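There are 2 protein chains.
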Amino acid sequence: MSQAQSLDALVRALQRLPGVGVKSASRMAFHLLQHDRDAALQLAQALQQAVQGVRHCALCNTFTEDEICPTCLDPQRDAGQLCVVETPADQAALERTGAYRGLYFVLMGRLSPLDGVGAHDIALRRLFERVAQPPPHEVRELILATNFTAEGEATAHVITQLLKTLQVKVTRLARGVPIGSELEYVDLGTIAHALADRR
Amino acid sequence: MSQAQSLDALVRALQRLPGVGVKSASRMAFHLLQHDRDAALQLAQALQQAVQGVRHCALCNTFTEDEICPTCLDPQRDAGQLCVVETPADQAALERTGAYRGLYFVLMGRLSPLDGVGAHDIALRRLFERVAQPPPHEVRELILATNFTAEGEATAHVITQLLKTLQVKVTRLARGVPIGSELEYVDLGTIAHALADRR
Ligand SMILES: [Zn+2]
Ligand SMILES: [Zn+2]
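The following block contains the structure:
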């Protein structure tokens with residue numbers, strides 16, 4: 001508790017950010033008010049504009065300001081390939097590789113029963129409808145690019161089951177030894193998978 | 001880069017918070033837009049209200065919404081004692097002890113030449129003017145409660161020099177072994193100080 005109610009309110013509001021406890025929130029509020037009020041006002045404006053402007057692409061479900069996002073509208077992309085990712089950050093990572101020219105579907109999360117995240121909390125129904133679309137939106141191949149965590153694998157498994165009734169080829173990103181790493185320092189599970197998936 | 005400009009702007013604005021890199025900023029933006037837009041709007045409002053409402057107490061320099069903060073106005077407090085702290089968080093820590101009933105002076109920082117924080121960046125001049133005030137605002141004792149870090153110690157030293165010309169008793173919080181700790185696990189410097197300052 002400080003000598004100013006609006007400062008206490010700011011510390012409480014900052015604590016609603018993920019990973020920010022009362023100590024970091026206090027440090028942030030002190031920094032903004034003492035050294036960078038301009039940053040505080042800019043953040044306030046950015047929050048309001050993002051809440052007002054950002055919605056989900058009607059096709060791929062990623063964050064966008066338009067009905068359909070620029071990637072989905074790009075005529076250069078192969079509309080027959082659909083890569084399923086958990087978040088826009090994962091989509092951005094794949095884009096940075098420059099190795100994929102198909103479309104995306106962004107789940108906006110992953111199944112996580114322990115955290116109370118079930119099939120209705122991520123966009124599985126919309127994914128099904130997207131894949132079930134008739135030509136010219138027909139999907140030839142669905143590439144599962146959920147994370148290689150227990151939850152990402154479970155999500156990939158559920159999607160595979162969900163799409164069994166549809167005539168679509170489902171693939172998964174290859175598991176293996178990361179480029180540049182020495183086997184000695186790679187965990188055993190990864191080596192075992194790289195061995196099983198050897199080409 | 002995402003499919004939405006206002007999302008990218010939000011990620012950049014969040015990165016101006018201390019201790020927040022691009023990864024945490026992306027995670028925060030995703031969380032707010034996907035799961036807690038209410039928290040985003042509340043934070044925006046809290047930022048604006050704090051920037052608009054929070055200023056420095058004319059007497060003790062802490063953050064307050066008034067000309068003089070509630071602590072400085074409290075007639076129950078001993079106006080003859082002035083405790084110098086680095087930040088409002090340090091002031092709050094001392095208040096929680098319930099062991100101090102005097103007034104405070106909040107430097108809003110500490111001397112740190114390596115970070116480019118000099119005497120003009122913290123409120124040393126205002127502290128001097130505050131201590132030099134005639135009765136009834138006369139300060140009998142000035143208690144240095146800057147942190148026991150290299151920078152806090154240097155700041156305390158500079159204040160001691162600065163106030164030499166004024167007729168005021170300057171004391172420092174005792175250094176010693178924390179309550180509840182076993183000597184075996186206390187660092188040697190602390191034990192040496194506790195030995196030297198033994199009562
Ligand atoms: Zn899209
Ligand atoms: Zn005050």
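Going line by line, the protein sequences match chains H and A.
For the first sequence, the positions run 1 to 199 when full-length UniProt numbering is used.
For the second sequence, the positions run 1 to 199 when full-length UniProt numbering is used.
Beta carbons: idealized from backbone N, C-alpha and C, even for Gly.
These numbers were taken from a predicted model, which means no experiment stands behind them.
Three-state secondary structure assigned by DSSP to residue i
i, result
"Y185 (chain H)", "helix"
"G152 (chain A)", "helix"
"I122 (chain A)", "coil"
"G176 (chain A)", "coil"
"I191 (chain H)", "helix"
"S26 (chain H)", "helix"
"C57 (chain A)", "coil"
"Q167 (chain A)", "coil"
"C83 (chain A)", "strand"
"I143 (chain A)", "strand"
"V106 (chain H)", "strand"
"residue 203 (chain H)", "The first residue shown for chain H is 1 and the last is 199, placing residue 203 (chain H) beyond what the model contains."
"Q15 (chain A)", "coil"
"S6 (chain A)", "helix"
"D197 (chain H)", "coil"
"V117 (chain A)", "strand"
Partner residues on chain H for residue i, Cβ-Cβ distance less than 8 Å
i, result
"Q49 (chain A)", "S6, A9 and L10"
Residue i and residue j closer than 7 Å at C-beta
i, j, result
"C83 (chain H)", "I122 (chain H)", "no"
"V186 (chain A)", "V168 (chain A)", "no"
"P18 (chain A)", "M28 (chain H)", "yes"
"A25 (chain A)", "L14 (chain A)", "yes"
"V158 (chain A)", "L111 (chain A)", "yes"
"R77 (chain A)", "R101 (chain A)", "yes"
Residues that residue i contacts on chain H, provided the C-beta gap is smaller than 7 Å
i, result
"V84 (chain A)", "Under the 7 Å cutoff, chain H gives no residues; its nearest Cβ is about 16 Å from V84 (chain A)."
"S24 (chain A)", "G19"
Cβ-heavy atom distance, residue i to ligand 4, below 6 Å
i, result
"L14 (chain A)", "Ligands present in the displayed structure are limited to ligand 1 and ligand 2, and ligand 4 is not among them."
Neighbour list for residue i in chain A, Cβ cutoff strictly below 7 Å
i, result
"S2 (chain H)", "F63, P88 and A92"
"P135 (chain H)", "What P135 (chain H) touches in chain A: nothing, since even the nearest Cβ is about 25 Å away."
"P18 (chain H)", "R27, M28 and H31"
"D36 (chain H)", "R16"
Partners in chain A for residue i, counting only beta-carbon separations shorter than 8 Å
i, result
"A39 (chain H)", "A13, R16 and L17"
Under 9 Å from the C-beta of residue i: neighbouring residues of chain A
i, result
"V117 (chain H)", "Result: empty, since nearest Cβ-Cβ is about 10 Å, beyond 9 Å."
"L43 (chain H)", "L10, A13, L14, R16, L17, L43, A44 and L47"
Buried versus exposed, by CB contacts within 10 Å (16 or more), residue i
i, result
"Q161 (chain H)", "exposed"
"R65 (chain A)", "Here the sequence assigns Glu to residue 65 (chain A), which means Arg is not the residue at that position. Classification for E65 (chain A): buried."
"R198 (chain H)", "exposed"
Cross-chain neighbours of residue i in chain H, by beta carbon under 9 Å
i, result
"P70 (chain A)", "Q3"
"V177 (chain A)", "Correct list: empty, because the minimum Cβ distance to chain H is about 24 Å."
"G53 (chain A)", "A4, Q5, S6 and L7"
Contact shell at 6 Å, judged by CB to any heavy atom of ligand 2, ordered along the chain:
The set of residues with CB atoms less than 6 Å from any heavy atom of ligand 2 reads, in chain order, A:C57, A:L59, A:C60, A:T62, A:I68, A:C69, A:T71 and A:C72.
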